[in-house]
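J.: In this note's numbering, the protein residues as written are 4 to 400.
Think of the CB as a built atom: it goes at the ideal place given N, C-alpha and C, for glycine as much as any other residue.
Predicted model only: the values in this text are computed from it and were never measured.
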Amino acid sequence: MLANAFQTTSQLSNSQHSNRPQSSYFPHPSIAHPHSVMPTIERLATGTPEYIIPQQQAAQIIANLPHLEQSRDRIEKLYNNTRIHTRHLAVDLRSEATIDRSHRSGTIQSRMDHFKAEAVPLAERVVQQALVGVSIETIGLVVFVTSTGFIAPGVDAELIERLGLRRNIGRLTVNFMGCAAAMNGLRAACDHVKAYPHQKALLVCLELSSVNAVFDDDLNDVIIHSIFGDGCAAAIIGSQEVAEARARGQIIIRDHLSYLIEGTQDGITLGIRDNGITCRLSRQLPDYIEAGVGAVIGNFLAERQMTKADIDLWAVHPGGTRIIQKSQSALALTDEQVACSWSVLRDYGNMLSVSILFVLERMLQQHQTVPSSQTATGLAFSFSPGVGVEGMLFEVA
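Shown next as structure tokens:
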């Protein structure tokens with residue numbers, strides 16, 4: 004897939020009321036000391052597994068399974084309402100072995116074995132793209148993010164072996180933070196390069212939901228296997244001083260957002276059962292988002308003397324049609340303003356933590372084609388179990 008080089012800086016420090024989104028600790032460029040070290044995303048690469056299946060074909064395969072005959076109409080309707088055209092999967096839906104395993108119990112071991120077999124080469128390929136032009140000796144931390152596979156030693160250890168990364172490299176794994184986990188991983192990477200400005204951090208987000216798919220007539224299972232896709236993204240995070248010039252295509256991280264919405268604990272639930280990792284989405288989740296995200300974002304911006312009108316670029320997590328629509332409704336955003344989110348959903352489905360990085364990559368590509376000397380301000384956010392809102396405020400030169 005695509006590998007883009009771009010850089011970031013800075014976040015602002017701000018006191019806040021206890022019931023408002025938590026601000027982080029990097030000062031805004033206008034008030035930071037010129038020699039302050041700011042985290043910089045230097046490169047981003049993305050990739051997907053080999054199997055590409057049109058959504059219409061996937062609907063036909065699943066709806067025509069003999070044990071789902073009674074649910075055929077409902078399955079086809081749900082698939083057709085996703086606004087997804089294609090998904091990239093680590094399993095072949097046309098394989099009898101895939102279908103057989105999908106509705107048998109006691110398969111978690113084989114699913115995790117399948118996860119490792121597919122995850123390691125995919126991660127290696129994507130990380131190699133991200134590392135182009137980067138000295139591996141400068142990588143001091145690897146952050147591996149996933150909610151769809153648990154193995155130890157994990158993918159991070161395999162990458163150290165295969166790519167020849169330093170043996171004394173720091174390792175951190177972010178698990179079970181769902182769709183928002185890339186934001187958590189980025190925050191940890193930023194902390195590292197601020198503490199060790201001569202080092203870089205490697206962030207790897209990889210999700211293979213398809214290895215956990217259960218093709219049953221439970222409504223939640225149908226929703227899950229109709230929207231989730233597989234993918235990987237890798238980012239190289241370095242640092243630069245505030246005084247350094249901002250070249251075209253840089254992305255400047257001004258702040259991080261983290262807020263747990265009250266009374267929404269049933270909204271997104273991740274768990275482990277005997278036939279794989281499971282995700283349950285409450286019917287109330289879209290309503291939780293519509294009722295909560297407007298105030299969360301509004302308060303976050305107000306604390307920085309900003310309003311929604313100051314945001315030029317909106318990177319909304321493409322978690323599904325109702326997730327995007329309810330986010331739009333809460334924030335009064337047009338389809339055009341969230342076009343990158345809609346296009347990633349259309350082309351890939353919901354890839355959990357990976358999705359927001361695909362959206363950001365696509366947004367940056369589009370922004371760089373527009374001749375302009377103006378700096379664009381953006382806000383990216385995703386949703387975690389909780390329900391939590393995790394995001395970042397950024398600028399693109």
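Between the C-alpha atoms of Q73 and C282, what's the straight-line distance to the nearest angstrom?
T.: Cα to Cα, Q73 sits roughly 23 Å from C282.
J.: Within 10 angstroms of the Cβ of A318, are there 16 or more other Cβ atoms? Answer buried if so, exposed if not.
T.: Buried, by the Cβ-count rule.
J.: Along the chain, which unbroken stretches of the beta strand (DSSP E) at least 3 residues long are found entirely within the stretch 332-388?
T.: Complete beta strand (DSSP E) runs here, min 3: 379-387.
J.: Using DSSP bridges, identify the partner residues of S105.
T.: Answer is none; S105 lacks a bridge partner.
J.: Tell me the DSSP bridge mates of V130?
T.: The partner list for V130 (beta bridge, DSSP) is empty, contrary to what the question assumes.
J.: To the nearest angstrom, report how far apart L96 and G232 are at their CA atoms.
T.: Straight-line Cα distance between these residues: approximately 12 Å.
J.: Between the Cα of I239 and the Cα atoms of G266, V196, H259, which residue gives the shortest distance?
T.: The candidate whose alpha carbon is nearest that of I239 is V196.
J.: Which residues in the same chain as R174 place their Cβ atom closer than 7 Å to its Cβ, once the five residues preceding and following it in sequence are excluded?
T.: Counting only Cβ-Cβ distances below 7 Å, and skipping sequence neighbours, we find V145, D159.
J.: Give the DSSP-derived three-state secondary structure of G323 in the structure shown.
T.: Of the three classes helix, strand and coil, the one that applies to G323 here is coil, per DSSP.
J.: For D258, does the three-state DSSP call read helix, strand or coil?
T.: Here D258 sits in strand by DSSP.
J.: From A120, A204, I326, L348, pick the residue whose C-alpha is nearest to that of Q287; which is it?
T.: The shortest C-alpha separation from Q287 is found at I326.
J.: By Cβ distance, which residues of its chain are closer than 6 Å to T272, with the 5 residues on each side in sequence left out?
T.: Closer than 6 Å at Cβ, skipping near neighbours: R283.
J.: Three or more beta-carbon pairs under 8 Å between the stretch 364-383 and the stretch 220-235, yes or no?
T.: With a cut-off of 8 Å, the stretch 220-235 and the stretch 364-383 do not count as touching, because too few Cβ pairs lie within range.
J.: From the DSSP secondary-structure annotation, give me the bridge partner or partners of R75.
T.: Per DSSP, none; premise fails for R75.
J.: Counting beta carbon pairs with one atom in the stretch 137-151 and one in the stretch 200-218, are three or more of them shorter than 8 Å?
T.: Yes, since at least three Cβ pairs between the stretch 200-218 and the stretch 137-151 fall closer than 8 Å, the two stretches touch.
J.: Under a Cβ-count criterion, where at least 16 other Cβ atoms within 10 Å of its own Cβ denotes burial, should M395 be classed as buried or exposed?
T.: Classification of M395: buried, given that the 10 Å Cβ count is 16 or more.
J.: When the Cα of T151 is compared with those of A379, D290, V177, G136, which residue comes out closest?
T.: That would be V177, whose Cα lies nearest to the Cα of T151.
J.: Quick one: measure Cβ to Cβ for H91 and Y54, integer angstroms, because I've assumed they're closer than 8 Å.
T.: Right, their Cβ atoms sit about 7 Å apart.
J.: Comparing C-alpha positions only, which one of T85, R257, N278 sits nearest to F401?
T.: What is shown of the chain runs 4 to 400, which leaves residue 401 out entirely.
J.: Mapping the DSSP letters down to three states, classify L81 as helix, strand or coil.
T.: Looking at L81 - three-state DSSP - the assignment turns out to be helix.
J.: Starting from the Cα of G50, find the closest Cα among Q243, V390, S330, A133 and give me that residue.
T.: Nearest of Q243, V390, S330, A133 to G50, Cα basis: A133.
J.: Hey, is the stretch 321-339 in contact with the stretch 160-167, meaning 3+ C-beta pairs nearer than 8 Å?
T.: Taking 8 Å as the limit for Cβ pairs, the verdict is that the stretch 160-167 does not touch the stretch 321-339.
J.: Considering only the beta carbon of each residue, do E398 and T372 sit closer than 7 Å?
T.: The answer is no: Cβ separation not under 7 Å.
J.: Given G279, which residues of its chain have a CB within under 6 Å of its CB, disregarding the five upstream and five downstream residues?
T.: I111, R114, N215, listed in sequence order.
J.: Counting C-beta neighbours from all protein chains within 10 Å, is the total for V135 16 or more, i.e. buried, or is it exposed?
T.: It is exposed - the Cβ of V135 has fewer than 16 other Cβ atoms within 10 Å.
J.: Hey, quick one: how far does the beta strand (DSSP E) through A204 stretch, first residue to last?
T.: First-last of the beta strand (DSSP E) with A204: 203-211.
J.: Specify the secondary structure class of A318 as computed by DSSP and reduced to three states.
T.: Reduced to three states, the DSSP call for A318 is strand.
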